[in-house]
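Heads up: the structure comes next, in structure tokens.
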DNA sequence: GCAAAATAGAAGTCATCACTCCGCTTGTCA
DNA sequence: TGACAAGCGGAGTGATGACTTCTATTTTGC
């Protein structure tokens, strides 16, 4: 129960950071050794922090969710209710430029993305609920929408953007989704 | 150049069919042996028809694209121009009930989904182009849309639906996308 | 400064999996 | 109906990669 040493904390963070980059770039098939190397860390260390590859992947995923939840919360409190939801979606989807492969990453690791029992998932759901409610109250989002749809659309839009060739195409896809959210 | 034996043709079809089902259900990580078993075929046979796992996966994918292209073409000629595009999207996306994991399947196999050089891809693009043009002419789709966006939205919507818990949620997601396609 | 905690990373274990090889079976065509 | 090539099944092979273990070394906290 004693708090971990400073270098342990540092290494854990470095592993997560490197893992995200490598996994997103090369997919879940990359070896743990590769990830350890990218993090500048021995294999033993990696496995002490994350006893299985799956837990490492889940760690990366949950870190991402936490960042999303933080963004959503910030926008929900600071932003204009009428535009906050759209801004969030835009931000979230642009976040990892090269590849938003995080969900398919998880899926191919055999993790069920819809398993929303964890704490980061709960936090994101809650933040999205607030964002959505405010948008609906100010007429910026269709009334029948609920949080699960929002999450789905988030993942889906991110997927859709992978197919966009240029910036114009990207912005058109985004425009379609945003218009759809509004209509109703 | 002699035509293949009857049993060979039959087996090839059975492999493709079983592979689609197993791959969609369990992801690309399933072993080829599992696929062979599902097809009721020996491993040797599987590998004679598809010399590598990647070629098998690509085969499944292209078969799917061909079916999509056929559907699109049929709707483009037979259907009401104003509703054909929406109908197509609805159909395409509902096709594989459990999981429309085909694209992430390919992606995790290291195949670039956006590589549109193959014949089935070309056929689909062409059919979609017709569908889109007719929809735009009858005011059922925003004018600025182009085919790549449509393909992206197809994949994205399919992804989004994976998150929908129940039928109501599914239909709301679909409604968002369809409204977005129209708006403009 | 020292004990405890943590690390690097080499070497090894074990399971898995894509793919090969080859003896047997079956479709085809005379 | 018989011969024979095309096709088949499935045991076997080699590579890979997740995870363990261990020793010598470094880092941290008090």
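Chains as they are written, first to last, in UniProt numbering: chain A, 1 to 184; chain B, 1 to 184.
Just so it is clear, CB atoms sit at the ideal spot from N, CA and C, and this is done for glycine as well.
Residue 179 (chain B) in three-state terms, based on DSSP = The DSSP-derived three-state label of residue 179 (chain B) is helix.
Sort A:59, A:55, A:33 by Cα distance to residue 17 (chain A) and report the nearest one.
-> Nearest of A:59, A:55, A:33 to residue 17 (chain A), Cα basis: A:59.
With a cut-off of 8 Å, do at least 3 Cβ pairs link the stretch 117 to 131 of chain A to the stretch 116 to 133 of chain B?
-> The stretch 117 to 131 of chain A is not in contact with the stretch 116 to 133 of chain B.
Compare the C-beta of residue 138 (chain B) with all C-beta atoms of chain A and state if any pair is closer than 7 Å.
-> Not an interface residue.
Note down, in chain order, each residue of its chain lying with its Cβ closer than 6 Å to the Cβ of residue 12 (chain B), except the 5 sequence neighbours on either side.
-> Excluding positions up to five away in sequence, the list reads 49.
is_contact[residue 172 (chain B), chain A] using C-beta, thresh 7 Å | Taking Cβ atoms only, chain A reaches closer than 7 Å to residue 172 (chain B), which makes this a yes.
Residue 5 (chain A) in three-state terms, based on DSSP = Residue 5 (chain A): coil per DSSP, three-state reduction.
Touch check for the stretch 160 to 180 of chain A and the stretch 139 to 149 of chain B: three-plus C-beta pairs under 8 Å?
-> By the Cβ criterion, the stretch 160 to 180 of chain A is in contact with the stretch 139 to 149 of chain B, since at least three pairs of Cβ atoms, one from each stretch, lie closer than 8 Å.
Can you tell me which of the three DSSP states residue 89 (chain A) falls into?
-> If DSSP states are grouped into helix, strand and coil, residue 89 (chain A) belongs with the helices.
Of all the options A:88, A:82, A:120, A:23, which has the alpha carbon lying nearest to the alpha carbon of residue 137 (chain A)?
-> Measuring from the Cα of residue 137 (chain A), the nearest candidate turns out to be A:82.
Might you give, ordered along the chain, the residues of its own chain that have their beta carbon closer than 7 Å to the beta carbon of residue 4 (chain A), omitting 5 neighbours on each side?
-> Setting aside the 5 residues that flank it on each side, residue 4 (chain A) has no residue in the same chain whose C-beta is closer than 7 Å to its C-beta.
Between the Cα of residue 134 (chain B) and those of B:61, B:23, B:64, B:86, spot the shortest distance and give me the residue it belongs to.
-> For the residues B:61, B:23, B:64, B:86, the minimum Cα distance to residue 134 (chain B) belongs to B:86.
Nearest candidate by alpha-carbon position, reference residue 44 (chain B), set B:15, B:178, B:30 | The option with the nearest alpha carbon to residue 44 (chain B) is B:15.
So what's residue 22 (chain A) in DSSP terms, helix, strand or just coil?
-> If DSSP states are grouped into helix, strand and coil, residue 22 (chain A) belongs with the helices.
Among B:123, B:93, B:94, B:89, nearest to residue 141 (chain B) - alpha-carbon criterion = Nearest C-alpha to residue 141 (chain B) among B:123, B:93, B:94, B:89: B:89.
Leaving out five residues before and five after residue 70 (chain A) in sequence, what residues of the same chain have Cβ atoms less than 6 Å from its Cβ?
-> Contacts found: none.
Can the beta-carbon of residue 46 (chain A) be found less than 7 Å from the beta-carbon of residue 36 (chain A)?
-> In this structure, residue 36 (chain A) lies closer than 7 Å to residue 46 (chain A) by Cβ.
Nearest to residue 20 (chain A) by alpha carbon, out of A:173, A:34, A:171?
-> It is A:34 whose Cα lies nearest to the Cα of residue 20 (chain A).
Check whether the Cβ of residue 65 (chain A) lies closer than 7 Å to any Cβ atom in chain B.
-> Between residue 65 (chain A) and chain B, the shortest Cβ-Cβ separation is not below 7 Å.
Taking C-alpha atoms, which residue in A:94, A:119, A:63 lies nearest to residue 173 (chain A)?
-> Ranking the options by Cα distance to residue 173 (chain A), first place goes to A:94.
Should residue 157 (chain A) be flagged as near chain B, meaning a C-beta pair shorter than 7 Å?
-> True, the Cβ-Cβ gap to chain B drops below 7 Å.
Could you give the DSSP three-state label for residue 98 (chain B): helix, strand or coil?
-> Low confidence applies here, because residue 98 (chain B) scores a pLDDT of 43, under 50, leaving its location unreliable and the question unanswered by this model.
Please work out which residues of its chain come closer than 6 Å, Cβ to Cβ, to residue 120 (chain B), disregarding the five sequence neighbours upstream and downstream, and give them in chain order.
-> Contacts found: 62, 65, 66.
Closer than 9 Å by beta-carbon distance: list the chain B residues that pair up with residue 169 (chain A), in chain order.
-> At a beta-carbon threshold of 9 Å, the residues of chain B lying near residue 169 (chain A) are 146, 148, 149, 152, ordered along the chain.
Pull up the distance between the alpha-carbon of residue 178 (chain A) and that of residue 180 (chain B), whole angstroms please.
-> Residue 178 (chain A) and residue 180 (chain B) have their C-alpha atoms roughly 7 Å apart.
Let me know the alpha helix (DSSP H) ranges lying completely inside the stretch 24 to 55 of chain B, each 4 residues or longer, listed in chain order.
-> Within the stretch 24 to 55 of chain B, the complete alpha helix (DSSP H) runs of at least 4 residues are 32 to 39, 43 to 49.
So, using beta-carbon positions, are residue 159 (chain B) and residue 155 (chain A) closer together than 7 Å?
-> Taking C-beta atoms as the reference points, residue 159 (chain B) and residue 155 (chain A) count as a pair closer than 7 Å.
Selected residue, minimal CA-CA separation from residue 132 (chain A), among A:53, A:80, A:175 | Of the listed residues, the one whose Cα sits closest to residue 132 (chain A) is A:80.
Taking all protein chains shown into account, do 16 or more other C-beta atoms lie within 10 angstroms of the C-beta of residue 31 (chain B), making it buried, or fewer, making it exposed?
-> That one is exposed.
By Cβ distance below 6 Å, which residues in the same chain neighbour residue 157 (chain B) in space, the five residues on each side in sequence not counted?
-> Result list for residue 157 (chain B): 93, 177, in chain order.
Any C-beta of chain A sitting closer than 7 Å to the C-beta of residue 202 (chain B)?
-> Chain B is shown only over 1 to 184; residue 202 (chain B) falls outside these bounds and no answer can be derived.
Are any of the Cβ atoms in chain A nearer than 7 Å to that of residue 118 (chain B)?
-> Proximity of residue 118 (chain B) to chain A, defined by a Cβ-Cβ separation below 7 Å, is not satisfied.
Is any beta-carbon of chain A found at less than 7 Å from that of residue 176 (chain B)?
-> Judged by the 7 Å Cβ criterion, residue 176 (chain B) is in contact with chain A.
Identify which residue in A:42, A:118, A:54, A:77 has its Cα closest to the Cα of residue 29 (chain A).
-> The residue among A:42, A:118, A:54, A:77 with its C-alpha nearest the C-alpha of residue 29 (chain A) is A:54.
Under a Cβ-count criterion, where at least 16 other Cβ atoms within 10 Å of its own Cβ denotes burial, should residue 168 (chain A) be classed as buried or exposed?
-> Per the 10 Å Cβ criterion, exposed.
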